[in-house]
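Per the numbering used here, residue 363 is the first one in the sequence shown, and the count goes up by one each step.
Each remark here refers to the structure printed beneath this line.
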Amino acid sequence: MFSIDWAINLKRYCTARAYRSAQFAVFEAVYTRQKELGWDQAVIPGSGGLAFATVLAGISGSSARAVIESPIEYAKVKRQTGQSWHFNEVYQGFFMQLPRTVGMMTCIFCGVDSVRRWTDGEALKHPQWQFLTWGGVSMLSFWVIWPLETLKNQVQAGTAIDGNAQATLRQRIMHLGPLGLYRGILPGSMSVFMRNGTAAIVMSLAQRKISEWGLR
């Protein structure tokens with residue numbers, strides 16, 4: 363059992379690297395193309411300067427992530443709840459995974475971009491501010507979509523409501539109640555803040571080293 367769980371965790375780690383890499387690669391590609399076309403100059407009224415291009419790139423990048431992430435999230439939730447997962451069900455709950463991921467990551471991309479503009483880039487120049495900016499924005503974005511995270515986990519786990527494993531979203535929401543939708547938000551917030559803040563520092567360092575070595 364230990365070896366099986368270790369193998370699953372290793373696969374989860376590798377897949378997580380894959381979907382995060384795909385997310386940033388697609389975001390950069392879409393944003394760069396819009397910039398080449400001059401579309402990055404159009405801003406959303408009343409947003410403090412947020413460009414439509416940032417939103418579109420965020421939606422594109424997070425959609426790509428959701429497609430790759432959904433199967434591994436399904437397997438993770440199944441294993442965490444002591445169940446077996448099946449290959450023909452790996453996209454179970456994708457209808458919740460997509461809005462959850464798109465909502466979360468688009469908020470993060472737009473939030474970090476806004477902080478960067480409001481501080482003239484100062485918030486992203488030093489490790490401590492990178493940590494606080496990415497960690498704080500990520501945590502706030504997770505709060506926005508947390509009910510979707512809870513519902514996604516329930517659907518992927520096949521949690522039965524009144525004996526019905528195929529319960530509708532309305533039934534699940536009524537069963538959980540307002541507070542139930544935010545179950546687990548405290549440890550989830552700590553996890554998101556720490557891992558995204560740390561990842562921002564590591565990514566910045568890696569980009570700097572790659573530039574120094576002439577690889578970009």
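Where a beta carbon is used, it is the ideal one built from N, C-alpha and C, also for glycine.
Three or more pairs of CB atoms, one per stretch, sit closer than 8 Å, so the segment 497-511 contacts the segment 532-549.
Taking C-beta atoms under 8 Å as the contact rule, residue 386 and residue 410 fail to qualify, at a distance of about 24 Å. Contact between the segment 433-453 and the segment 389-405 is absent: fewer than 3 CB-CB pairs across the two stretches fall below 8 Å. Counting C-beta pairs closer than 8 Å gives fewer than three between the segment 521-530 and the segment 466-482, which falls short of the contact rule.
Assignment of residue 406 by DSSP, reduced to helix, strand and coil, places it in the coil class. Comparing alpha carbon positions, the residue from 426, 577, 384, 518 closest to residue 449 is 518. With contact defined as three or more Cβ pairs closer than 8 Å, the segment 551-565 and the segment 480-493 are in contact. Contact between the segment 442-461 and the segment 473-480 is not established, with fewer than three Cβ pairs separated by less than 8 Å. When beta bridges are read from the DSSP output, residue 413 appears opposite 405. Taken atom to atom, the span from the alpha-carbon of residue 392 to that of residue 400 is near 12 Å. Ranking 552, 535, 548, 516 by CA distance to the CA of residue 442 puts 516 first.
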